[in-house]
Amino acid sequence: MKKKGPVIFTREVAERYDSFYATEAGAEVDRLEKGVMDRLLERVVPSDLLEIGCGTGHWTEYFVSRGFAVTATDPSEPMLAEALRRGSAGAFIRASAEKLPFPDGAFPAAAAVTVFEFVEDPEAAVGEILRVLRPGGVFIGGFLNAASAQAAAVRAARERAAAGLLSTEEEGDVLLHARFRTEGEIRRLLSPIGRLEIRSCVHLSPSWEVLDGTPRAAGAEPAFFAVLARKEG
Numbered sequence: 191m192k193k194k195g196p197v198i199f200t201r202e203v204a205e206r207y208d209s210f211y212a213t214e215a216g217a218e219v220d221r222l223e224k225g226v227m228d229r230l231l232e233r234v235v236p237s238d239l240l241e242i243g244c245g246t247g248h249w250t251e252y253f254v255s256r257g258f259a260v261t262a263t264d265p266s267e268p269m270l271a272e273a274l275r276r277g278s279a280g281a282f283i284r285a286s287a288e289k290l291p292f293p294d295g296a297f298p299a300a301a302a303v304t305v306f307e308f309v310e311d312p313e314a315a316v317g318e319i320l321r322v323l324r325p326g327g328v329f330i331g332g333f334l335n336a337a338s339a340q341a342a343a344v345r346a347a348r349e350r351a352a353a354g355l356l357s358t359e360e361e362g363d364v365l366l367h368a369r370f371r372t373e374g375e376i377r378r379l380l381s382p383i384g385r386l387e388i389r390s391c392v393h394l395s396p397s398w399e400v401l402d403g404t405p406r407a408a409g410a411e412p413a414f415f416a417v418l419a420r421k422e423g
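The numbering used here applies: residue 191 is where the sequence shown begins, and numbers increase by one.
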């Protein structure tokens, strides 16, 4: 499969991006991810928040529901258009993670949920987050685990793609272009911001059965890491 630019930026992808959450499995994954994020944010006072890579506004709506006043950015016009179409609250601005159009120390909080998987220069994006955060400000992140059954399935799909064995529908899966990270890689990437607190959820079996809340979860790698870091100084 030949990569044809940033697939996640297309209108077609934007229109169907959240379709997974309409499924029974997607609703369960969404509940688990937001539940672990709720616990992570228990001691965070809602404030002005810069959301980086807001996409269709799925997580924008979550942060607004938590009481944050959200300024949401994304480099994709189709994604921003979809966020506006669905009525997501917040101010929406087209901008990349690597070049944020805000002054130093502009925000007490910033968030990027499943965004670094698609950022071309992650170190530059971390530098920008650090720049726009006030001293003592918090960064809220969501990452996909490279050691999970989900990541293994994506690697297998990439192998099929290299052999020309993917269906047209499978070729449109944005995760084929995602960079998954281990917990250690996440800690190293975000270390310039400050000390991290990481929680996890969505433990999947090899057949993608959600195991959270069952004894089998202990033997499975989580698919999702929720991260909180506080800028020092």
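We put the beta carbon where it would ideally sit given N, CA and C, even for glycine. Just so it is clear, the structure is predicted and the values come from calculations on it, not from any experiment.
{"Asked": "Those runs of the beta strand (DSSP E) which lie wholly inside the segment 320-403 and span at least 3 residues", "Found": "323-334 and 386-393"}
{"Asked": "Limits of the unbroken alpha helix (DSSP H) element including residue 218", "Found": "214-230"}
{"Asked": "Cα-Cα separation between residue 257 and residue 221, rounded to whole angstroms", "Found": "18 angstroms"}
{"Asked": "Boundaries (first-last residue) of the beta strand (DSSP E) holding residue 200", "Found": "Premise fails: residue 200 is in no beta strand (DSSP E) and is neither H nor E."}
{"Asked": "Beta-carbon gap between residue 254 and residue 280 smaller than 9 angstroms", "Found": "yes"}
{"Asked": "Where the alpha helix (DSSP H) containing residue 250 begins and where it ends", "Found": "248-255"}
{"Asked": "Residue 272: first and last residue of the uninterrupted alpha helix (DSSP H) it sits in", "Found": "267-275"}
{"Asked": "Residue 327 beta carbon less than 9 angstroms from that of residue 302", "Found": "no"}
{"Asked": "Residue 284 in three-state terms, based on DSSP", "Found": "strand"}
{"Asked": "Residue burial classification, residue 240 (beta-carbon count within 10 angstroms, cutoff 16)", "Found": "buried"}
{"Asked": "Identity of the residue in 275, 230, 270 and 387 nearest residue 200 by Cα", "Found": "270"}
{"Asked": "9 angstroms Cβ cutoff met for residue 259 and residue 237", "Found": "yes"}
{"Asked": "Other residues of its chain near residue 412: CB distance less than 7 angstroms, five sequence neighbours each side excluded", "Found": "335, 338, 390, 391, 392 and 393"}
{"Asked": "Whole-angstrom C-beta distance between residue 245 and residue 211, which should lie under 8 angstroms", "Found": "Incorrect: roughly 12 angstroms between the Cβ atoms, too far for contact."}
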